[in-house]
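In our numbering, each residue carries its 1-based index in the sequence shown increased by 4.
Virtual Cβ for every residue (Gly too), placed ideally from N, Cα, C.
Computed from a predicted structure; not experimentally measured.
For reference, the structure discussed in these notes is given below.
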Amino acid sequence: MMNHQEVREFCEARGIMALAQPTQYTPKVKPDFSFRKEHVVELVGFWCMGEIGMMLRGPSGCGKTALVEQFHAAMNYPLLQPMTHARTEAPDLNGQIIPSEGGFKYVYGLLVLAARYGLSVFLDEYNVMDSSVTTSLNPILEGGKFEIPETGETIFPKDGFRVFAACNPNDKGLGFFGRNEEDASNKERFWVVEFGYPTPDQEVPIVSTILKSVFDDSTADTYAQKMVEVANRIRQQYMGESGAANALEVTMSTRTLRRWAKGITVFGGQGGSANPITFTLARALTNNAPRESRDAIHEIVKDIFGATA
């Protein structure tokens, strides 16, 4: 695992120089975020190849968004992040005429602004957008130009322009709904990185770092190991991985695991009668689960934590 300073040094040793100071569009550094080295290598390779589009694919909460944001934070790079959803249309990204005092004015979309100034743009939940919108990006992903008929402008992307797109699987069996099948011509314009959850060796330090804000190192490490074991047992029994009739209907992402850990650091010291392990797990995950899955998950926790749960 790598911290922000180590990522910056790794990049600069390979000719990718950080900005001296963050810009107003640079994401804020999350001090407890740890980079998986293989992901940093992917980003550095992408940067050095001069590619424009990177697509990050993987289950919800495995760190796709955080990786892009925190890489830009580590390098002090600006990152524009337009809102994307099922009703997003091309003008929302490119620009459009809107009412203004005394008439109308043209407002540039964040995608065009990123191209004009050579910045990165991040399109989260990329495959919830209609394919007619995503395929409209094909020319720009090839380094082509933006034509803006409303203003008569032609905008050629400046060096440094990059498009990051994050996708969850288009699979209702895994609990992902509203995702569209992407157009083949659009998919082939991206450098595609497949994401999975971290290995236990990578995930335990993530959880342990959070817990060490209130627990001694030994206790934090012990709890973190057990929590990651719980997460992986849940993932193995999730219906997306298990074909068993009693497969779980929810899984535990790294995002949820971090929320569980943060909950324990807060509620563990409040002196309440509730057990902070199960109390916070319910609010981080199982209160949203069907009864059978909820009970099964809490049995997993009891099996791993023993009397402390």
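- The straight-line gap separating the alpha-carbon atoms of residue 71 and residue 252 is approximately 28 Å.
- By the C-beta criterion, the segment 70-87 is judged to be in contact with the segment 13-23, since at least 3 inter-stretch pairs fall below 8 Å.
- Between residue 131 and residue 186, the CB-CB gap stays under 8 Å.
- With 16 or more other Cβ atoms from the protein chains shown falling within 10 Å of its own Cβ, residue 212 counts as buried.
- For residue 61, the pairing in a beta bridge is given by DSSP as 171, 198.
- Residue pairing by DSSP places residue 100 opposite 111 in a beta bridge.
- Taking the Cα of residue 136 as reference, the smallest distance to any Cα among 59, 50, 126, 189 is reached at 189.
- Excluding residues up to 5 positions away in sequence, 211, 214, 215, 231 lie with their Cβ nearer than 7 Å to the Cβ of residue 265 in the same chain.
- Residue 84 sits close to residue 117, with the two beta carbons spaced by under 8 Å.
- Judged by DSSP in its simplified three-state form, residue 227 adopts helix.
- Short of 7 Å from the beta carbon of residue 234, and not among the five residues preceding or following it, lie these beta carbons of its own chain, in chain order: 304, 305, 308.
- Per DSSP, the continuous alpha helix (DSSP H) segment holding residue 268 begins and ends at 258-271.
- When the Cα atoms are used, residue 282 and residue 302 turn out to be separated by approximately 7 Å.
- One alpha carbon belongs to residue 121, the other to residue 64, and they sit about 31 Å apart.
- Residue range 295-309 is occupied by the alpha helix (DSSP H) that includes residue 308.
- If you draw a straight line from the Cα of residue 262 to the Cα of residue 153, it comes to about 47 Å.
- For residue 69, the uninterrupted alpha helix (DSSP H) segment begins and ends at 68-79.
- Taking residue 48 as the centre and dropping the five residues before and after it, the same chain places the C-beta of 14, 15, 18, 20 closer than 8 Å to its C-beta, in chain order.
- Between residue 167 and residue 56, the C-beta gap is smaller than 8 Å, which places the two residues in contact.
- Shown here, residue 11 sits in a helix according to DSSP, grouped into three states.
- When DSSP reads this structure, residue 158 sits in a beta bridge with 151.
- By the beta-carbon neighbour count (other beta carbons within 10 angstroms, threshold 16), residue 162 is exposed.
- Taking C-beta atoms as the reference points, residue 267 and residue 288 count as a pair closer than 8 Å.
- Per the coordinates, the alpha-carbon of residue 114 lies some 20 Å from the alpha-carbon of residue 193.
- The DSSP-derived three-state label of residue 141 is coil.
- Look at residue 5 here: in three-state DSSP terms it is coil, with no helix or strand label.
- If you check the CB distance, residue 258 and residue 67 come in under 8 Å.
- With a contact defined as Cβ atoms closer than 8 Å, residue 39 and residue 6 qualify at about 4 Å.
- Distance from the CA of residue 98 to the CA of residue 290, rounded to the nearest whole angstrom, comes to 40 Å.
- If you draw a straight line from the Cα of residue 236 to the Cα of residue 249, it is about 19 Å long.
- Residue 141 counts as buried, since no fewer than 16 other beta carbons sit within 10 angstroms of its beta carbon.
- If you draw a 10 Å sphere on the C-beta of residue 171, you find 16 or more other C-beta atoms in it, and that means buried.
- A residue is called buried when at least 16 other Cβ atoms come within 10 angstroms of its Cβ; residue 298 meets this threshold and is buried.
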